[in-house]
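Worksheet for the structure shown next.
There are 6 protein chains.
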Amino acid sequence: MPTVRLLADDEMPPESRAVLDDIRATRRSDFVNNFWRALAHDPKTLRRTWESLKEVMGPGVLDPKVKELIYIAVSVAHGCEYCIHSHTAAARAKGVTEAELMELHAVIGMAAETNRLVTALQVPVDEVFQVR
Amino acid sequence: MPTVRLLADDEMPPESRAVLDDIRATRRSDFVNNFWRALAHDPKTLRRTWESLKEVMGPGVLDPKVKELIYIAVSVAHGCEYCIHSHTAAARAKGVTEAELMELHAVIGMAAETNRLVTALQVPVDEVFQVR
Amino acid sequence: MPTVRLLADDEMPPESRAVLDDIRATRRSDFVNNFWRALAHDPKTLRRTWESLKEVMGPGVLDPKVKELIYIAVSVAHGCEYCIHSHTAAARAKGVTEAELMELHAVIGMAAETNRLVTALQVPVDEVFQVR
Amino acid sequence: MPTVRLLADDEMPPESRAVLDDIRATRRSDFVNNFWRALAHDPKTLRRTWESLKEVMGPGVLDPKVKELIYIAVSVAHGCEYCIHSHTAAARAKGVTEAELMELHAVIGMAAETNRLVTALQVPVDEVFQVR
Amino acid sequence: MPTVRLLADDEMPPESRAVLDDIRATRRSDFVNNFWRALAHDPKTLRRTWESLKEVMGPGVLDPKVKELIYIAVSVAHGCEYCIHSHTAAARAKGVTEAELMELHAVIGMAAETNRLVTALQVPVDEVFQVR
Amino acid sequence: MPTVRLLADDEMPPESRAVLDDIRATRRSDFVNNFWRALAHDPKTLRRTWESLKEVMGPGVLDPKVKELIYIAVSVAHGCEYCIHSHTAAARAKGVTEAELMELHAVIGMAAETNRLVTALQVPVDEVFQVR
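Right, dumping it as structure tokens:
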């Protein structure tokens, strides 16, 4: 259950409604997921978050599918259930296969294991890894 | 500083030395980084970790460069300084560009922000994201 | 679902019951939330936790509303659903407004983003920030 | 040590230099801390991050000092050394007292303890905390 | 709800079915919990994870009950609900008492509190703790 | 470097000095580690933290060595360098062997891996694990 009510289109401030219009236009879909309906209480944060997301997840040097895999990896490490579901759905929609998702999970798990081993052992960074 | 001494080749048990030989052969390089020299106190964990890493980071359905990006993403979310440095170096060695690394960081940062917004708002998962 | 049964007043040890009496008296309310009913299995931890909470969240140099905002921020970063709900409720009860809560969330999200960017880039601490 | 070189003013792209000019003008200080010099490799992320930070930490409904306390709380929970130092310095510069910082730490520690107790016990959210 | 369907025995690939047979034989029980049914989509990761778990949690120098307590501690710090429930059940099955579980929780909570206090204060490691 | 100055005995308030006297008496050692010298700025938090630690880590139903292992596990998962060093030293002082420490690390790493796999797959808790 959310800590604020999820707002229907006709319950939110006009500035928030305008952001939802842009989300719909950008995604070419009428569906707007719950995250934006929770943020809609705060038009300023809604707009800034959406504009940032559009810029970061938009065209760049990394494949959009790879960006979704990275997003999932971070969301798993942060334990964000909603984000894992929404970005796994987004990854599938962009063509990421089930085999790729399972391999992603294997890498995440492996990284978690060696991260914690390294931290337990407090391994010092090798000189060769240093940026000059 | 580490919580155990980093072992030189001639200080470690023969089973650990054998794992280092395989690391060198697999990577076609004489250099063995500190992580393995710390783990070398425990040949069983050293062998299992190396064999697992070889399997997970070896040939699969994801590009080896993408796997390094995922590894970095998890390491950043877990705050593992050593892992960030070693896998950033590995990514560069595999041909990941500086522009790709910066875009990776932007995605990690964006994911962190929306992860925490979602958690703060406790947004419920949309039905449409459910796997049937 | 909890890993232990939540105890009703007449099911808990008398020492735990005494702590609940103090919770009720301090808060001037008959209602005791689930956290204390789970801890009630262990009177020693129940008492220590309650006494500590009373001291930390009691009168000091920070406004009680600010302390609730800090509590929520930490709970979000730790991903503690229960804590987010209970302290959001406590914040509202103490007069924190919806606009303040949304601004809190924006700050939490922003901090998460720059925290991860800084960690990804392993930015060294500027000398000027050092305490002498 | 950083994963990228920190850029001096005359080493960065002009778009990044322009952002630094705005940082200097906004803060009325010539000093620009390392975070921005690391981000300067990526003018797009540098600009977006600075614009977002200016908006989030700028005038709103919460006291600027309180926003710094929240920023520190999140940074501690995420284990971001640089962020803890830079925002502790910022808090002091804005007039946060040593006593307030110590009380902040006490609240962070207390929240961490109850967060983990709640998670260990998997305490279900009380109905009374639900938003309708 | 899972991000993949949980597979019944007759839905999974034969290599996954073989791992489940080994889980049943090793545990001397017909019951196989959901974790393995989700991993069963990926026979390679299923096998590696099961073989690693068998080795790590099998006979060694630490009491099997102590290993379960450690597993719970890590799972709480990572906020993994499923893992907390499954390893709390495993701990009870191995004879860990309710009093031991409550004391475990107290130690986890205390560690979380001092961890965050130390991080907030950025306490430097005492020379006397260094390994030579 | 710390965010506050570490206080020598003659620089701290008398109430803090009294707590250090109790630390010395309890541990039968003149040495007082940096954590307490940082907390000494705030006698109230210093006293509460020390009293809590004495109670939690004092005699109970778990072996003191096991409590140190749990403390290390939590500190690793939280990425607290100081805490890892101080509690690894404490564990060694109480008789924990190097083999036990390495096995602890293996369990921590394994738990981290399965924690993240479970989170990635969002595995639902089996009914059989539920407490009635």
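Chains as they are written, first to last, in the numbering used here: chain A, 7 to 138; chain B, 7 to 138; chain C, 7 to 138; chain D, 7 to 138; chain E, 7 to 138; chain F, 7 to 138. Beta carbons: idealized from backbone N, C-alpha and C, even for Gly. Just so you know, these numbers come straight off a predicted model, no measurement behind them.
Report buried or exposed for residue i, applying the criterion of at least 16 other Cβ atoms within 10 angstroms of its Cβ.
| i | result |
| --- | --- |
| V141/D | Residue 141/D falls outside the range modelled here, since chain D spans only 7 to 138, and no answer is possible. |
| D16/A | exposed |
| S92/C | buried |
| E133/F | exposed |
| M7/E | exposed |
| A14/D | exposed |
| S35/D | exposed |
| R43/B | buried |
| E119/E | buried |
| A99/D | exposed |
Please list, in chain order, all residues of the same chain as residue i whose beta carbon is under 6 Å from its beta carbon, the five residues on each side excluded.
| i | result |
| --- | --- |
| H47/C | V10 |
| P49/C | P19, E21 and S22 |
| R53/C | V25 |
Closest to residue i by CA distance: which of the options is it?
| i | options | result |
| --- | --- | --- |
| K73/C | L12/C, G85/C, T55/C and T94/C | T94/C |
| Y88/F | L127/E, A105/E and L12/E | L127/E |
| P65/D | R122/D, F37/D, T32/D and T51/D | T32/D |
| K71/B | V137/B, A96/B and W42/B | A96/B |
| F135/C | E106/D, F37/D, T125/D and F135/D | F37/D |
| L12/F | V113/E, R138/E and P130/E | P130/E |
| E57/B | L75/A, M116/A, I29/A and R138/A | M116/A |
| I114/B | V137/C, T125/C and E109/C | T125/C |
| L123/E | K100/D, A105/D and A83/D | A83/D |
| E109/D | I29/D, I76/D, T51/D and D69/D | I76/D |
| I90/F | E106/E, M63/E and N121/E | N121/E |
| A79/A | K100/A, R98/A and L107/A | L107/A |
| V137/D | E104/C, H111/C, R138/C and A112/C | E104/C |
Below 7 Å CB to CB, which residues in the same chain sit around residue i once its five sequence neighbours on both sides are set aside?
| i | result |
| --- | --- |
| R55/A | According to the sequence displayed, residue 55/A carries Thr and not Arg. Correct list, in chain order: L45. |
| V67/C | none |
| K60/E | T32 |
In its own chain, which residues sit with a C-beta less than 8 Å from the C-beta of residue i, not counting the 5 before and 5 after it?
| i | result |
| --- | --- |
| F41/E | Y88 and S92 |
| T51/B | L45 |
| I29/D | V38, W42 and W56 |
| S81/B | C89, I90 and H93 |
*Output, in sequence order along the chain, the residues in the region 85-98 of chain F whose CB is closer than 7 Å to any CB in chain B.*
G85, I90, H91 and T94
_Near-chain A residues of the region 13-33 of chain D - C-beta to any C-beta below 9 Å_ = none
_Under 9 Å (Cβ pairs) to chain F, residues found in the region 39-52 of chain B_ = Within the region 39-52 of chain B, those residues whose Cβ lies closer than 9 Å to any Cβ of chain F are, in chain order, L45, H47, D48, K50 and T51.
*Can you give me, in chain order, the residues of the region 97-120 of chain A that have a beta carbon less than 9 Å from any beta carbon in chain B?*
T103, A105, E106, M108, E109, L110, A112, V113, I114, G115, M116, A117, A118, E119 and T120
*Quick one, which residues of the region 55-77 of chain F are near chain C if we go by CB-CB under 7 Å, in chain order?*
The region 55-77 of chain F vs chain C, Cβ under 7 Å: S58 and E61.
*asked:* For the region 120-136 of chain D, list every residue whose C-beta sits within 8 Å of some C-beta in chain E, in sequence order.
replied: T120, N121, R122, L123, T125, A126, L127 and Q128
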